[in-house]
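Student:
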Amino acid sequence: MAGARAAAAAASAGSSASSGNQQPQEPGLGELLEEFSRTQYRAKDGSGTGGSKVERIEKRCLELFGRDYCFSVIPNTNGDICGHYPRHIVFLEYESSEKEKDTFESTIQVSKLQDLIHRSKMARCRGRFVCPVILFKGKHICRSATLAGWGELYGRSGYNYFFSGGADDAWADVEDVTEEDCALRGDTHLFDKVRGYDIKLLRYLSVKYICDLMVENKKVKFGMNVTSSEKVDKAQRYADFTLLSIPYPGCEFFKEYKDRDYMAEGLIFNWKQDYVDAPLSIPDFLTHSLNIDWSQYQCWDLVQQTQNYLKLLLSLVNSDDDSGLLVHCISGWDRTPLFISLLRLSLWADGLIHTSLKPAEILYLTVAYDWFLFGHMLVDRLSKGEEIFFFCFNFLKHITSEEFSALKTQRRKSLPARDGGFTLEDICMLRRKDRGSTTSLGSDFSLVMESSPGATGSFTYEAVELVPAGAPTQAAWLAALSDRETRLQEVRSAFLAAYSSTVGLRAVAPSPSGAIGGLLEQFARGVGLRGISSNAL
8 MAGARAAAAA ASAGSSASSG NQQPQEPGLG ELLEEFSRTQ YRAKDGSGTG
58 GSKVERIEKR CLELFGRDYC FSVIPNTNGD ICGHYPRHIV FLEYESSEKE
108 KDTFESTIQV SKLQDLIHRS KMARCRGRFV CPVILFKGKH ICRSATLAGW
158 GELYGRSGYN YFFSGGADDA WADVEDVTEE DCALRGDTHL FDKVRGYDIK
208 LLRYLSVKYI CDLMVENKKV KFGMNVTSSE KVDKAQRYAD FTLLSIPYPG
258 CEFFKEYKDR DYMAEGLIFN WKQDYVDAPL SIPDFLTHSL NIDWSQYQCW
308 DLVQQTQNYL KLLLSLVNSD DDSGLLVHCI SGWDRTPLFI SLLRLSLWAD
358 GLIHTSLKPA EILYLTVAYD WFLFGHMLVD RLSKGEEIFF FCFNFLKHIT
408 SEEFSALKTQ RRKSLPARDG GFTLEDICML RRKDRGSTTS LGSDFSLVME
458 SSPGATGSFT YEAVELVPAG APTQAAWLAA LSDRETRLQE VRSAFLAAYS
508 STVGLRAVAP SPSGAIGGLL EQFARGVGLR GISSNAL
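Heads up, the sequence shown is in the working numbering, so the first residue is 8 and it goes up one at a time.
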């Protein structure tokens, strides 16, 4: 199956669902969250207990990807490549119509890519190799763990020598990197070899930008460097890439978020902790257009920090070049899916990717693929109150405005100069009057004027006249910006309703005294859930 045709796989996956059965999206999300909150996904367990549920989830993801893309599948049966990556790793190749799916011809050699992955995975922590997950403007947006340190490299290669074909992380290529490599040839040769393959994979995927979310330069446990990162590679092997160090709090910090009744405003990370040694570092040429004072990053609360980092990532993927992007933290299953999910939802809300998916469908896809199938440990995080998963979707209310839209940049680049009227820089976001129809272009418009560019969430509203020049094109563009808010709010509402009826009820222990009612009320009040009914979706 080492070259599966994506379109065929997606078609077969969806063949059993008739058009009349498209409505029950909410039960699908509920089943997904139930399974997600019950156990961590492991590829080798897909055919065991609960395997039928996992297979339905996997099948649904393939079908949703297949709506808008032709893709190939990198087989990861039984976790042969990575034990906590999907069993069917989707490699998006290009956007497609229904006719194109019937004549799909892969542009890649799956066996060659699979071999490169096998050789490169040892360079990354837990074998979580660089994996493309979003395709935008022909560019791959990728995810991974950080680089493995010498402790893990030696441990893995030694383990592979004695127990080849082992458990979760089945390290292949015993002949390539053996225990003798570690013992006799020293650090430099081993790192040159495994990181060399990692760099080949990055170049294969045309990745140029590497965004590192770690707050450490290296992760240290028991006095040993168990992980490293590109920014501190002594041999400067990653010097040809554009490295961005954008330190972001780990999952432990999100217990404070929950303890503050899910209020991220005013919640500031303590940057003075001993283990925090990675400063923010972004090349100047990437920051000029964002109007953000990056020197103040340690003063930002969780909302401002997440917003500004997302703006940065969006500016990278929306640039004029053809370069891809890699986002990673340490293990790549907490902070990494947070930003991958926000990127996917933001670009979808602009109508730029997954264009045929409805709010319930894109929500299912990102929860299932970006979080569950890539190994996020929701059960463990919930037991500790580290609700980074919940934060991701509740945070959507903070990115509905035009300043997060990739459409604005694209429109500014393509719009011809004109003598009068308002420029694109004057227009921030179109809001529908009295929540009217988004398709009626003849109604009155109210435009949001930015009071201070770069100030997060600070706006004043002023009525202006819409310039008639180029009305059809411009009005359609403005209507799309208006739809952005509506679409993201629909996703957030659907998530809150499903979460509160599944995972939310498990986040607190039942009490015979009835105290659970007060706790659930606190939850609802903290996330603005009051008034949302699961029957309303």
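Virtual Cβ for every residue (Gly too), placed ideally from N, Cα, C. Predicted, not measured: the structure shown is a model, and the values here were computed from it.
1) Beta-carbon within less than 6 Å of Thr509's beta-carbon, same chain only, minus the 5 sequence neighbours each way: which residues are those?
2) According to the Cβ coordinates, are Arg135 and Ser338 closer than 8 Å?
3) Pick out whichever of Cys77, Ser79 and His95 has its Cα sitting closest to the Cα of Asn85.
4) Per DSSP, what kind of secondary structure is Thr56 in: helix, strand or coil?
5) If you scan the region 223-302 from start to end, which runs of the alpha helix (DSSP H) of 4 or more residues do you find wholly inside it?
6) In the DSSP assignment, what are the bridge partners of Ala50?
7) Using a Cβ distance threshold of 8 Å, determine whether the region 391-398 contacts the region 335-355, with at least three qualifying pairs required.
8) Mind the definition here: the region 74-92 touches the region 117-125 only if three or more C-beta pairs lie below 8 Å; say whether that holds.
9) Quick check: the Cα distance between Phe400 and Ser408, rounded to an integer number of angstroms?
10) How should Pro290 be labelled, buried or exposed, when 16 other C-beta atoms within 10 angstroms of its C-beta is the threshold for buried?
11) Give the single residue among Leu250, Pro286, Tyr304 and Leu293 whose Cα lies nearest to the Cα of Ile275.
12) If you count every other CB in all the chains shown that lies within 10 Å of the CB of Gly203, and 16 or more means buried, which is it?
13) Using DSSP's beta-bridge definition, name the partner residues of Arg131.
14) Kindly give me the distance between the Cβ atoms of Tyr92 and Asn83, rounded to whole angstroms, as I take these residues to be in contact under 8 Å.
15) Would you check if the distance between the CB atom of Cys132 and the CB atom of Thr153 is smaller than 8 Å?
16) Among Arg388, Thr114, Val374 and Leu251, which has the Cα closest to the Cα of Asp65?
17) In this structure, how does DSSP classify His405 when only helix, strand and coil are distinguished?
18) Between the alpha carbons of Ile148 and Lys318, how many angstroms are there, rounded?
19) Could you give the distance in angstroms between the alpha-carbon of Ser296 and the alpha-carbon of Tyr316?
20) Let me know the secondary structure DSSP gives Pro344 once reduced to three states.
21) If we count the other Cβ atoms within 10 Å of its Cβ and call it buried at 16 or more, is Asn545 buried or exposed?
22) Measuring alpha carbon to alpha carbon, tell me which residue in Glu100, Leu389 and Ala242 is nearest Phe43.
23) Below 8 Å on the Cβ atoms is my guess for Tyr216 versus Leu333; work out the distance and round it to an integer in Å.
24) Going by DSSP, what residues sit across from Leu142 in a beta bridge?
25) Report yes if the CB atom of Ala413 is closer than 8 Å to the CB atom of Asn298, and no otherwise.
26) Taking the straight line between their C-alpha atoms, what separation do you get for Arg49 and Leu321?
27) For Lys207, count the other beta carbons within 10 Å of its own beta carbon; 16 or more makes it buried, fewer makes it exposed. Which is it?
28) Determine, using beta carbons only, whether Lys238 and Asp266 come nearer to each other than 8 Å.
29) Using CA coordinates, which residue listed in Met129, Ala285, Tyr371 and Leu380 is at the minimum distance from Phe502?
30) Can you tell me which of Ser79, Ser103, Arg63 and Phe143 puts its alpha carbon nearest to the alpha carbon of Leu120?
Tutor: Reading it off the structure:
1) Gly37, Leu40 and Glu41
2) yes
3) His95
4) Caution is warranted here: a pLDDT of 47 is assigned to Thr56, below 50, making its placement in the model unreliable, and no coordinate value can be reported.
5) 261-266
6) Paired residues: none, contrary to the question.
7) The region 391-398 is in contact with the region 335-355.
8) yes
9) Between the C-alpha atoms of Phe400 and Ser408 there is a straight-line separation of about 16 Å.
10) exposed
11) Proximity to Ile275 across Leu250, Pro286, Tyr304 and Leu293 peaks at Tyr304, based on C-alpha coordinates.
12) exposed
13) Leu154
14) About 6 Å; that satisfies the 8 Å criterion.
15) In contact: Cys132 and Thr153 (Cβ atoms closer than 8 Å).
16) One detail in the question is off: residue 65 reads as Glu in this sequence, not Asp. That would be Val374, whose Cα lies nearest to the Cα of Glu65.
17) helix
18) 15 Å
19) 14 Å
20) Residue state, collapsed to three classes: helix.
21) Only positions 8 to 544 of the chain appear in this structure, which leaves residue 545 out of reach.
22) For the residues Glu100, Leu389 and Ala242, the minimum Cα distance to Phe43 belongs to Leu389.
23) Indeed, because the Cβ distance is near 7 Å, the residues count as touching under 8 Å.
24) His147
25) no
26) 31 Å
27) exposed
28) no
29) With distances taken between Cα atoms, Phe502 lies closest to Tyr371.
30) Ser79
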